[in-house]
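Protein sequence lines, in the order shown, are assigned to chains A and B.
According to our numbering, the first sequence is numbered sequentially starting from 143.
According to our numbering, the second sequence is numbered sequentially starting from 669.
Notes follow the structure.
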Amino acid sequence: MRLSPFIRRSGSHPRIALAKRSCNMWIVLFLLFFFSFTQTVNAECLTRGTGDMGLVIERATGSVKILDTTAKTSLFRIEGLGDLSHASAVYSRDERYAYIFGRDGGLSKIDLLCGVLVKRVVQAGNSIGGAISQDGSLVAVSNYTPGGVKIFAADSLALVADLPAVTADGKSSKVVGLVDAPGQQFVYTLYDAGEIRIVDVSDPAKPEVSVFSDIGRLPYDALITPDGRFYIAGLFGEDGLALLDLWQPQGGVQRILDNYGRGKEKLPVYKMPHLEGWAIAGDYAFLPAVGQHEVLVVDTRSWKQVGRIAVHGQPVFVVAQPDGRQVWVNFAHPRNDTVQVIDTQSLQVTHSMQPGKGVLHMEFTPRGEHVWVAVRDLDQLQVYDTKSFQRIAQLEVEKPSGIFFTARAHRTGL
Amino acid sequence: MMIQLTPVSAALDAARQAELLYLLQHDCGSCHGMTRKGGLGPPLLPGNLRDRPVALMENAVLDGRPGTPMPPWRGLLTEQEARWLVEAMLRGEGL
C-alpha cells in the first residue's frame, strides 16, 4: 500500500498535538486521512526507481500485472490491452514505460510508476512481436495480417514508417523474428517468402531496407546474439539455420547447423520453440531441438554442434542465467509441467522441478539470484532461488504467460 | 460405410469437454490465437471453417498439415475428440 506525502509528514506535524485537545480536530484529521488515502489510490504515482520492477502478461484477460521483484509482489493491474494470447513487451530506456505487443495488432504503452495505460493503437489486424530501437526513440511492430513492419515514435506512438513485406512476386508475407540491432537498425524475417531484411532507421523519414533472399523455407523465428552481431533464423520447412553476420552483411546469409531441425522423422511439434531466449554461455550456445526431447550445444566460434543433452520433453525456452552458469528449460504440451536445469560445465541436467501444468515462461532477476516462472494452469507466478532451487515465493496471476523485467531495457534484442 | 448420426459430444463427459475447450483456447491458441483469429496458423472462426469438409478438418487435427507447422495430434486426441473440437470450432464455442 502506498502512502501519500501528506500522511508520511503528518506523524511529526505540530497539528497532531493540537488535535489531541479537540474531538472536532480528530474528525477533521480522520477526514483528511480518508480523502488523501482514496486520492492516492486513484491518482498518484509511485516515487521510486523501476530497476527492480517488471510485468507479467495475463494472456486470457487482456491485462498485465506490474511486479516488484524485491518485495515479490504485484503493484498494479492494467486492463484493456486486447488479445494478449501471444504477447511480448519491451521497455523504454528510462525503464518507466513498457510497450506491449498484442496478438490483435494492438500496441499499448503503459506507465509502470502510475500503473496506467498511457496510449494504445491498433496498428494491424494480427501481430506477433516488436522491438525498440537502439536509441529508444522508435518502436517497431511485426505483423502477420497484413504482413509487414510498422515503426512508431516511442513517445507519442505516432506512425513514422510503414514497411510492407511484399516480395517481387507481389505476395505479402507474415513477419517474424523482429529485433533491434546496433547502428539504429531493425532486423526481421519474412516467414512465407524466406527472406531476412535489415532496415536502417537512422533517418526515420527515409528507412533504408536491405533484402537477403532464399534463406530457406518457412523461417519461423529468429534471434540476435547478445552482442548484436549475429542474426539467426530457425527454419521450419527444412533443416539448418540461417545466419547473417551484421558486421559483414555483404557476406550474405550462411547456412549453419545443417542437421538442426526435425530431421528425417519429422516429429510433431506441439509448440514452436522460441529462439529469442537462446542461451549463450561462454563459447557455447544452447538451443531447443525441434520436435526432439533434446537441447543442442553449439560452439559459437565455429557454429558446429558439439553436444546434445537429453531432456524431459520438447524444449520451448532454453534460457541462460545472467552468469551463464546454468541453463533453464521449459517444455511443450503435454510435458509442460516441468522445468529442468542444465549445468553448462558438465552439460548435464542437474535439477528437475515440477512447478505445475502450463509452465510458459521464465525470467531472471537482473543478476540472476532468482528466476520467476509463469505457471498458466495454476494461475501462479513462482519464484525460485537459482542456487538452492527452493521455491521462495508465489503470486496469484490470472493465466500468466510472458514475464518481462525492466533490465531488458538495456539489452540488445530484448 | 457406417455413418454416425448421434452427436459425438454426447459420448464425451463434461470434464473431458472442458479439458478439450481449454486445449483449444490455450494450446491451439498459441498458433491460431486465443480468439481464433489466426496467427502463425490460419484463423479458426466459424466463418472461416463453415464451407470446409468436416472430415478434412478432423484429418488436419489428427494428422497435421504436412509442410506446415501444424502437428498431428493423434496419440494425444482420439478421433472422437478431434471431431468434438471441429464441432466446437464450428459452433464458435468459448469465443
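For every residue, glycine included, the Cβ atom is placed at its ideal position computed from N, Cα and C.
Asked	Found
Using a Cβ-Cβ cut-off of 8 Å (strictly less than) and excluding sequence neighbours within five positions of D519 of chain A, which residues of its own chain qualify?	G498, K499, G500
Of all the CB atoms in chain B, is at least one closer than 7 Å to the CB of H493 of chain A?	no
How would you list, in chain order, the residues of chain A whose beta-carbon sits under 7 Å from the beta-carbon of P737 of chain B?	Y362, F378, V411, M414
Quick one: grab the DSSP three-state call for S315 of chain A.	coil
Using a Cβ-Cβ distance cut-off of 7 Å, determine whether G760 of chain B contacts chain A.	no
Check the C-beta distance from W741 of chain B over to L730 of chain B and give it rounded, since I have them as a contact under 8 Å.	6 Å
Measuring only between beta-carbons, confirm whether H475 of chain A sits less than 7 Å from chain B.	yes
Just the C-alpha distance for Q536 of chain A and E511 of chain A, rounded to the nearest angstrom, thanks.	16 Å
Within its chain, find whatever has a CB closer than 7 Å to the CB of L383 of chain A; leave out the 5 residues flanking it on each side and keep chain order.	I374, A375, G376, L377, I398, L399, Y402
Run through chain A and tell me which residues come within less than 7 Å of G697 of chain B, C-beta to C-beta.	S227
At a Cβ cut of 8 Å, what residues of the region 292 to 316 of chain A count as close to chain B, listed as they run along the chain?	K316
I need the straight-line Cα distance from D322 of chain A to I242 of chain A, nearest angstrom please.	16 Å
Skipping 5 residues on each side, what residues in its chain have a beta carbon closer than 8 Å to that of K313 of chain A?	D334, A335
Alpha carbon to alpha carbon, what distance is there between S444 of chain A and T203 of chain A?	45 Å
If we require 3 or more residues per run, which beta strand (DSSP E) segments fall completely within the region 445 to 501 of chain A?	446 to 452, 457 to 462, 468 to 473, 481 to 485, 490 to 495
For a contact meaning CB atoms closer than 7 Å, what does L744 of chain B contact in chain A?	P476
How would you call T192 of chain A, buried or exposed, if buried means at least 16 neighbouring beta carbons within 10 angstroms?	buried
Any idea what DSSP makes of L377 of chain A, helix, strand or coil?	strand
Could you check which residue in A:H503, A:K446, A:Q434 has the C-alpha nearest to that of T462 of chain A?	Correcting the residue identity first, residue 462 of chain A is Ala in this sequence and not Thr. Checked all of A:H503, A:K446, A:Q434; the closest Cα to A462 of chain A is A:H503.
Only counting the same chain, and skipping five residues up and downstream in sequence, which positions put a Cβ closer than 6 Å to that of T331 of chain A?	V318, G319, I338, P361, A364, A375
How would you call S494 of chain A, buried or exposed, if buried means at least 16 neighbouring beta carbons within 10 angstroms?	exposed
Roughly how many angstroms separate the alpha carbons of T736 of chain B and L691 of chain B, rounded to a whole number?	20 Å
Counting along the chain, where does the alpha helix (DSSP H) carrying L730 of chain B start and finish?	722 to 731
Given this structure, state the Cα-to-Cα distance separating Q181 of chain A from R238 of chain A, to the nearest angstrom.	Reliability of the predicted coordinates at Q181 of chain A is poor, the pLDDT of 40 falling under 50, and no value is obtained from them.
Leaving out five residues on either side along the sequence, give the residues of the same chain with a beta carbon under 7 Å from the beta carbon of G449 of chain A.	V439, L489
Comparing the C-beta of R238 of chain A with each C-beta of chain B, is any distance below 7 Å?	no
In whole angstroms, what separates the C-alpha of W389 of chain A from that of V329 of chain A?	13 Å
Helix or strand or just coil, what does DSSP make of G325 of chain A?	coil
If you run the structure through DSSP and keep just helix, strand and coil, what is G403 of chain A?	coil
Name, please, each residue of chain A whose Cβ falls closer than 9 Å to the Cβ of E740 of chain B.	The residue you asked about is not Glu; residue 740 of chain B is Pro in the sequence shown. Those are P410, listed as they occur along chain A.
To which residues does DSSP link L537 of chain A through a beta bridge?	A:L523
Would you give the residue range spanned by the beta strand (DSSP E) that E200 of chain A belongs to?	195 to 200
Name, please, each residue of chain A whose Cβ falls closer than 9 Å to the Cβ of G715 of chain B.	Within chain A, no residue comes near G715 of chain B; the closest Cβ sits about 14 Å away, beyond 9 Å.
Let me confirm a value: M669 of chain B is counted as buried when at least 16 other C-beta atoms fall within 10 Å, else exposed. Which label applies?	Reliability fails at M669 of chain B, whose pLDDT of 47 lies under 50, so the model's placement of it is uncertain and the value that follows must be treated cautiously. The residue is exposed, with fewer than 16 neighbouring Cβ atoms inside 10 Å.
Which of the three DSSP states is assigned to H512 of chain A in this structure?	strand
Leaving out five residues on either side along the sequence, give the residues of the same chain with a beta carbon under 7 Å from the beta carbon of V302 of chain A.	L280, I293, F294, A295, P346
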